[in-house]
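See structure below.
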Amino acid sequence: MEAAIDALASAHYAVIPNFLSANMQQALHNELLQQQEKGFFHEAGIGRGIQQARNVDIRGDSICWLETDFAAGGQYLQVMDALRQQLNQAFFLGLQSFEGHYAHYQAGSYYQRHVDRHRDNDARVVSAVCYLNQDWPVEAGGELKLWNAHGELLVTLPPQGGTLVIFMSADMPHEVLAANRSRYSIAGWFRRD
Ligand code: OGA
Ligand code: MN
Numbered sequence: 000m001e002a003a004i005d006a007l008a009s010a011h012y013a014v015i016p017n018f019l020s021a022n023m024q025q026a027l028h029n030e031l032l033q034q035q036e037k038g039f040f041h042e043a044g045i046g047r048g049i050q051q052a053r054n055v056d057i058r059g060d061s062i063c064w065l066e067t068d069f070a071a072g073g074q075y076l077q078v079m080d081a082l083r084q085q086l087n088q089a090f091f092l093g094l095q096s097f098e099g100h101y102a103h104y105q106a107g108s109y110y111q112r113h114v115d116r117h118r119d120n121d122a123r124v125v126s127a128v129c130y131l132n133q134d135w136p137v138e139a140g141g142e143l144k145l146w147n148a149h150g151e152l153l154v155t156l157p158p159q160g161g162t163l164v165i166f167m168s169a170d171m172p173h174e175v176l177a178a179n180r181s182r183y184s185i186a187g188w189f190r191r192d
């Protein structure tokens with residue numbers, strides 16, 4: 000995690016392969032599918048509050064917010080809380096909380112280039128996306144593309160299971176490319192309210 004914190008400081012993003020143990024990845028993936036079967040997923044919106052609009056042209060994922068009483072998701076929230084404290088110690092960011100949701104992109108779904116910090120709300124400081132796809136072949140697509148504030152492409156990352164990517168929420172545009180199969184992840188944000 001030291002290297003990741005250095006990378007976040009110098010490049011404003013870090014990629015951490017095998018962040019999740021195989022067991023944890025499997026447990027999260029199973030829980031995601033269970034929540035989906037129970038009908039607890041909904042189509043993701045854009046923006047906040049009354050401006051929230053469903054628009055699959057911009058974003059096609061379905062989501063389910065993690066709750067502390069989820070068996071696997073609750074554990075993930077604890078892991079993220081430990082990371083929150085590490086980030087605060089390294090950067091004095093004053094991060095107060097973490098929110099995250101399971102996400103499912105069906106084959107052909109994508110999320111157009113966007114920035115995570117909302118125009119009307121600057122609570123999101125650091126973004127953290129963790130992938131739950133076992134054995135993702137490169138030809139499956141579904142890459143995350145990440146640019147810096149100057150518009151330079153930094154990385155094109157396949158959504159390989161267990162990998163965590165963190166980046167500054169305020170000024171880093173990114174995009175989720177369509178995949179030819181279901182793409183599973185947890186997207187989350189460290190917040191300062
Ligand atoms: C998001 C997002 C990236 C990914 O949910 O805001 O950008 O790779 N996700 O799933
Ligand atoms: Mn995003």
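All residue numbers for the sequence shown refer to numbering that gives the first Met the number 0, where the first residue is 0 and numbers rise by one. Glycine is no exception: its CB is placed at the ideal position from the N, C-alpha and C atoms. Since we're looking at a predicted model, the values are computed, not measured.
- Give the single residue among Tyr130, Asn87, Ala169 and Leu82 whose Cα lies nearest to the Cα of Asp121. Within the sequence shown, numbered from 1, the residue matching residue 121 stands at position 122. Nearest option by C-alpha distance: Ala169.
- Task: Could you pull out every unbroken beta strand (DSSP E) segment of at least 3 residues lying fully inside the stretch 73 to 147, listed in chain order?
- Result: If only complete runs of 3 or more residues are kept, the stretch 73 to 147 shows the beta strand (DSSP E) at 96 to 104, 110 to 113, 123 to 130 and 143 to 146, in order along the chain.
- Task: For Leu152, count neighbouring Cβ atoms within 10 angstroms of its own Cβ and tell me buried if that reaches 16, exposed if not.
- Result: One-based indexing of the sequence shown puts residue 152 at position 153. Answer is exposed; the Cβ neighbour count stays below 16.
- Tell me where the beta strand (DSSP E) around Leu156 begins and ends. Position 157 of the sequence shown holds residue 156. Leu156 -> beta strand (DSSP E) spans Leu152 to Leu156.
- Message: I need the boundaries of the beta strand (DSSP E) containing Met167, first residue and last residue.
- Response: Taking the sequence shown and counting its residues from 1, the one referred to as residue 167 is at position 168. Segment Leu163 to Met167, the beta strand (DSSP E) holding Met167.
- Examine the Cβ distances between the stretch 53 to 73 and the stretch 151 to 166 and report whether three or more of them are shorter than 8 angstroms. Cβ pair count under 8 angstroms is below three, so no.
- Message: Quick check: Glu98 and Gly187, are their CB atoms within less than 8 angstroms of each other?
- Response: Start at 1 with the first residue of the sequence shown, and residue 98 comes out as number 99. Start at 1 with the first residue of the sequence shown, and residue 187 comes out as number 188. Yes, Cβ-Cβ distance for Glu98 and Gly187 is below 8 angstroms.
- Taking the beta strand (DSSP E) that Ile4 falls in, what are its first and last residues? What you label residue 4 is simply residue 5 of the sequence shown in a count that begins at 1. Note, Ile4: premise wrong, no beta strand (DSSP E); alpha helix (DSSP H) at Glu1 to Ala10.
- Message: Any heavy atom of the ligand MN closer than 7 angstroms to the beta-carbon of Ser184?
- Response: If you number the sequence shown from 1, residue 184 lands on position 185. Ser184: no, Cβ never under 7 angstroms from the ligand MN.
- Query: Would you say Asp121 touches the ligand MN, meaning its beta carbon is less than 7 angstroms from a heavy atom?
  - Reply: For this step, residue 121 is matched to residue 122 along the sequence shown. No, the beta carbon of Asp121 sits no closer than 7 angstroms to any heavy atom of the ligand MN.
- Task: Assign Glu1 to buried or exposed, taking buried as 16 or more other Cβ atoms, counted over all protein chains shown, within 10 Å of its Cβ.
- Result: Translated into positions along the sequence shown, residue 1 becomes position 2. Around the beta carbon of Glu1, a 10 Å sphere encloses fewer than 16 other beta carbons of the protein chains shown; the residue is thus reported as exposed.
- Query: Looking only at DSSP bridge pairs, what is Phe189 linked to?
  - Reply: Here residue 189 refers to the residue found at position 190 of the sequence shown. BP columns for Phe189 point to Phe97 and Val125.
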